[in-house]
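Some notes on the structure that comes next.
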Amino acid sequence: METLKIEFVDVGEDFLTARMPVTSRVHQPDGVLHGGASVALAESVGSAASYIFLNTKEFAIRGLEISANHTKSKKDGDVFATARFLHKGRTTQLWEIRIVDEEDRLISICKLTTIALKKDS
1 METLKIEFVD VGEDFLTARM PVTSRVHQPD GVLHGGASVA LAESVGSAAS
51 YIFLNTKEFA IRGLEISANH TKSKKDGDVF ATARFLHKGR TTQLWEIRIV
101 DEEDRLISIC KLTTIALKKD S
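Counted from 1, the sequence shown has number 61 at position 61 by the working numbering; the numbering is strictly sequential.
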């Protein structure tokens with residue numbers, strides 16, 4: 001998160017939001033936001049949300065799958081990723097992570113599946 005300059009900026013009853021600056025640090029060779037950086041942002045905010053909203057004293061939370069659709073390019077400024085549950089099961093959880101720009105235009109939509117594994121006593 002430090003490498004990509006990701007920082008958490010808001011948390012609510014059912015969401016967590018992080019911001020990432022779009023600079024040459026996260027650009028593709030042609031100067032736009034790299035999809036891999038967007039996915040790293042999405043997984044970072046989804047994983048952190050898991051630790052906030054799930055029982056991590058009894059369970060270890062691990063990612064199972066992440067997918068992303070990129071809908072708009074971005075050259076500079078900031079992007080904001082917000083993670084919310086689509087499904088909060090006892091064993092598996094499904095997160096929707098929307099990445100938007102400063103004008104709330106959709107940049108990427110991601111889906112993260114996590115699993116809660118019982119910790120050894």
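We put the CB at the ideal spot given by N, CA and C, even for glycine.
Member of the options whose CA lies at the smallest distance from the CA of residue i
i, options, result
"P21", "T114, H27, D78", "D78"
"D10", "Q93, T3, R19, E102", "R19"
"R25", "I6, T92, I99, S47", "I6"
"A83", "L4, F8, L16, G12", "L16"
"G46", "T91, F85, T56, F59", "F85"
"L117", "I61, K74, I99, A40", "I61"
"F54", "D120, E65, C110, E13", "Per the sequence presented here, residue 54 reads as Leu, with Phe not at that position. Of D120, E65, C110, E13, the residue nearest in Cα terms is E13."
Residue span of the beta strand (DSSP E) that contains residue i, given as start and end
i, result
"S108", "106-118"
"L94", "92-100"
"S67", "59-70"
Cα-Cα separation between residue i and residue j, rounded to whole angstroms
i, j, result
"E2", "G89", "31 Å"
"L94", "T114", "7 Å"
"F80", "E102", "8 Å"
"K72", "V32", "10 Å"
"R98", "L41", "10 Å"
"K57", "P29", "42 Å"
"Y51", "H27", "29 Å"
Those residues which DSSP pairs with residue i across a bridge
i, result
"F138", "This structure does not reach residue 138, given that the chain is present from 1 up to 121, and the question cannot be answered."
"R84", "E96"
"L33", "H27"
"A39", "Residue identity differs from the one stated: residue 39 is Val in this sequence, not Ala. DSSP output for V39 lists no bridge partner at all."
"D78", "P21"
Beta-carbon separation (whole angstroms), residue i vs residue j, contact threshold 8 Å
i, j, result
"S38", "N69", "Not confirmed; about 10 Å, so no contact."
"L112", "G63", "6 Å"
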